[in-house]
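So the structure is just underneath, and the comments pick up after that.
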Amino acid sequence: MGERLRKLGIRLAQTRSTALFQLATELPAAVLARTPGIDITVAVKWQRAAAGDWAAYAAEVSRRNAKARLIPMSDPADMLLLMTTHESMPDLAQVTDAHEVTPELRRQLIDCWIAVSNSGGAAGFPFPPVQDNDVAPVTDKLLGRLDPQHSRLVTARLDDVLAGWVVLNRDPYRLIGHWGTVNHLQTHPEYRGRGVGSALMRELRKIARGELGLEQLHLAARGKEGLEDFYRRLGWREVGRWPGALRLAPDDTRDEVLMLLDPL
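Heads up, the sequence shown stops at 264 in the UniProt record's numbering, and the numbers go up one at a time, no gaps.
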């Protein structure tokens with residue numbers, strides 16, 4: 001593998017985390033430069049995505065010394081591409097009643113929500129910074145609404161630590177009881193880039209279809225965050241927008257993006 005990287009003009013540093021940061025910026029460009037006939041818009045999009053994924057993972061390796069390995073594989077142009085695999089996937093669980101929520105889980109949900117909001121995440125608190133007294137009452141209200149037929153909390157754990165969570169709600173009104181709403185999807189900043197959000201959404205979809213008998217899922221996303229692409233990769237499609245619905249600052253007004261997953 002090292003020889004093939006050298007042929008691409010990349011000489012890696014000795015330390016693992018530094019080498020990964022090199023790959024984040026140098027490998028996409030090196031591969032694209034040697035791939036004939038590639039569409040430039042596709043190339044730019046792929047390079048940005050690849051660099052972002054690698055940079056996030058490299059930062060995680062540096063911070064947490066996570067166990068992962070590199071797997072070489074070739075693309076159709078016989079250029080070396082790389083992917084990462086983690087030795088563990090998120091442990092997923094659901095909570096259907098407030099009585100199932102332990103004090104420890106409540107504390108972890110609040111701490112996660114604070115960390116996500118204060119890092120700029122679009123998870124329900126659009127005006128950071130937020131503190132415990134902002135988030136705790138909203139969390140308690142959310143937990144108090146949990147119900148097997150109408151509201152489910154899905155959690156993801158990595159290394160026995162809460163890494164993310166999401167809520168699935170169904171309106172009790174019979175007219176619209178055949179579809180559900182996804183709320184507050186979030187991944188703790190320390191665990192981003194490890195597939196937590198995707199795993200939560202896939203599990204939520206299975207619960208919606210298999211346990212609640214829902215036919216559709218709806219959500220609203222903040223524009224200009226790149227969230228539409230994330231959801232599209234999971235099978236969602238954009239069905240409309242409320243133009244200029246979200247004013248985060250006098251000079252920052254966003255669309256609210258309406259998305260649908262149908263069929264389940």
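Yeah, the Cβ is synthetic: ideal placement off N, Cα and C, and Gly gets one too.
Ignore the nearest five residues each way along the sequence and tell me which others in Trp242's own chain have a CB closer than 6 Å to its CB. Here the question's residue 242 lines up with position 242 in the sequence shown. Hits under 6 Å: Glu256.
For Arg106 and Pro172, the rounded distance between their alpha carbons: Here residue 172 refers to the residue found at position 172 of the sequence shown. Here residue 106 refers to the residue found at position 106 of the sequence shown. Looking at the two C-alpha atoms, the distance is approximately 25 Å.
Could you check where the alpha helix (DSSP H) with Val101 kicks off and where it finishes? Position 101 of the sequence shown, counted from the start, is the residue given in the question as residue 101. Segment: none, Val101 is in no alpha helix (DSSP H) and carries neither H nor E.
3-residue-minimum beta strand (DSSP E) runs that sit fully inside the stretch 193-261, ordered along the chain: DSSP runs (the beta strand (DSSP E)) wholly in the stretch 193-261: 216-222, 237-249, 252-261.
Evaluate Ala123 with the Cβ neighbour count: other Cβ atoms within 10 Å of its Cβ, from every protein chain shown; 16 or more gives buried, anything less gives exposed. By one-based count along the sequence shown, residue 123 stands at place 123. Burial call: buried.
Between Val116 and Pro189, which are expected to be in contact by the criterion C-beta below 8 Å, what is the C-beta distance as a whole number of angstroms? Position 116 of the sequence shown, counted from the start, is the residue given in the question as residue 116. Position 189 of the sequence shown, counted from the start, is the residue given in the question as residue 189. Yes, they are in contact, since the Cβ atoms of Val116 and Pro189 sit about 7 Å apart, within 8 Å.
Tell me the DSSP secondary structure of Leu264 in three-state form. Here residue 264 corresponds to residue number 264 of the sequence shown, with the count starting at 1. Residue state, collapsed to three classes: coil.
If you draw a straight line from the C-alpha of Gly240 to the C-alpha of Leu248, how long is it? Mapped onto the sequence shown, residue 240 falls at position 240. Mapped onto the sequence shown, residue 248 falls at position 248. The alpha-carbon atoms of Gly240 and Leu248 are separated by roughly 20 Å.
Just checking: is the beta-carbon of Gln94 within a distance shorter than 8 Å of some beta-carbon in chain D? The structure shown contains no chain D; it holds only a single protein chain.
Count the other CB atoms, across all protein chains shown, that sit within 10 Å of the CB of His184; report buried if there are 16 or more and exposed otherwise. Position 184 of the sequence shown, counted from the first residue, corresponds to residue 184. The residue in question, His184, is buried, as its Cβ has 16 or more Cβ neighbours within 10 Å.
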